[in-house]
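**Q** One structure is given below, represented as structure tokens, and several questions about it will come after.
And the structure:
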């Protein structure tokens, strides 16, 4: 694990480089997560060096004192920009909240990007009221809601589900609720035409949290955006079907960096 200091805090990240000569990809996790959700993406590093970070308040990164919404999203974008600068990453891959962060970086940070992978995310990320209520009052219930069929997973091994639940508990209610409230406030539908980087919108076919039509919308409104579906997966397609997810990302990057 490595760290970069910026804006008065440390952001932790992990690098995997097996000699790949393609662009370096920075992976950004979603709400209540950590860099661990991207373990299987290290397999890409024989072609594309990979970096996976912990956003502020997650995993091994220092927290930030910011209210949910645009201020927190801005802080998370600063985390990503700092890690990308430290590692020469020129491709961002974000899942869910991480996709919102990646879009914020692409739109509002001075970072030259060779690619943008938007995985299980959207231009607007409204959170259902029952989940929002549970996050505020009953964290165990919120975790149960997120692990109902076709939300985080479609048909993942039980150990994946157990690890996901444990990771969310480790992140804690306060940060996880802040993440989801930040998602709920996110809306860049009127700015997608400003995204200049070649993009890929990729989604698990069964994702009920950020369904396929969210990704159709991204592909329709970002000027240069491809579209891919991961069969047999839900929201965390990179965990549930890592080979298919990695193939989609690798194919996209090979076409765009060849």
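Numbering (my numbering), first residue to last: 2 to 259.
Note that the Cβ used here is the ideal one computed from N, Cα and C, for glycine as well.
Since this is a predicted model, take the numbers as computed values, not measurements.
With H, G and I counted as helix, E and B as strand and the rest as coil, what does DSSP make of residue 231?
**A** In this structure, residue 231 counts as strand in the three-state DSSP scheme.
**Q** Looking only at its chain, what residues have a beta carbon closer than 7 Å to the beta carbon of residue 98, apart from the 5 residues adjacent to it on each side?
**A** Within the same chain, residue 98 has close Cβ partners 31, 32, 180, 183, 184.
**Q** Residues in the same chain with beta-carbon distance under 7 Å from residue 47, minus the five sequence neighbours each way, listed in chain order, please.
**A** Closer than 7 Å at the Cβ level, and outside the excluded window around residue 47, lie 19, 20, 21.
**Q** How about residue 198 and residue 117: are their beta carbons less than 8 Å apart?
**A** Yes, these two residues count as a Cβ contact at 8 Å.
**Q** Would DSSP call residue 17 helix, strand or coil?
**A** In this structure, residue 17 counts as strand in the three-state DSSP scheme.
**Q** Hey, how far is the Cα of residue 120 from the Cα of residue 94?
**A** Using only the alpha carbons, I get a separation of about 7 Å.
**Q** By DSSP, does residue 242 sit in helix, in strand, or in coil?
**A** Reduced to three states, the DSSP call for residue 242 is coil.
**Q** Consult DSSP for residue 253 and reduce its assignment to one of helix, strand or coil.
**A** Reduced to three states, the DSSP call for residue 253 is helix.
**Q** Hey, which unbroken runs of the alpha helix (DSSP H) at 4 residues or more fall wholly within the region 152–203?
**A** Whole alpha helix (DSSP H) segments, 4+ residues: 159–172, 174–186.
**Q** Whose C-beta lies closer than 6 Å to the C-beta of residue 234 among residues of the same chain, with five residues either side of it excluded?
**A** Same-chain partners within the cutoff: 155, 205, 241, 242.
**Q** Going straight from the alpha carbon of residue 221 to that of residue 190, what length do you get?
**A** Straight-line Cα distance between these residues: approximately 11 Å.
**Q** Would the C-beta of residue 28 count as close to the ligand SAH, meaning under 7 Å from any of its heavy atoms?
**A** Absence of the ligand SAH is noted for the structure shown, with no ligands found whatsoever.
**Q** Check this for me: beta carbons of residue 25 and residue 5, under 8 Å apart or not?
**A** For residue 25 and residue 5, no; Cβs fall outside 8 Å.
**Q** Would the region 137–147 count as touching the region 156–164 if we require 3 or more Cβ pairs under 8 Å?
**A** The region 137–147 vs the region 156–164: no contact.
**Q** Using 8 Å as the Cβ pair cut-off and three pairs as the minimum, do the region 58–70 and the region 6–18 touch?
**A** Touching, yes, given that three or more Cβ pairs across the two stretches are closer than 8 Å.
**Q** Over the uninterrupted alpha helix (DSSP H) stretch that includes residue 206, give me the two end residues.
**A** Taken as a continuous stretch (DSSP letters only), residue 206 belongs to no alpha helix (DSSP H), as it is neither H nor E.
**Q** Considering Cα atoms alone, identify which of 145, 151, 177 is closest to residue 35.
**A** Of the candidates 145, 151, 177, the one whose C-alpha sits nearest the C-alpha of residue 35 is 177.
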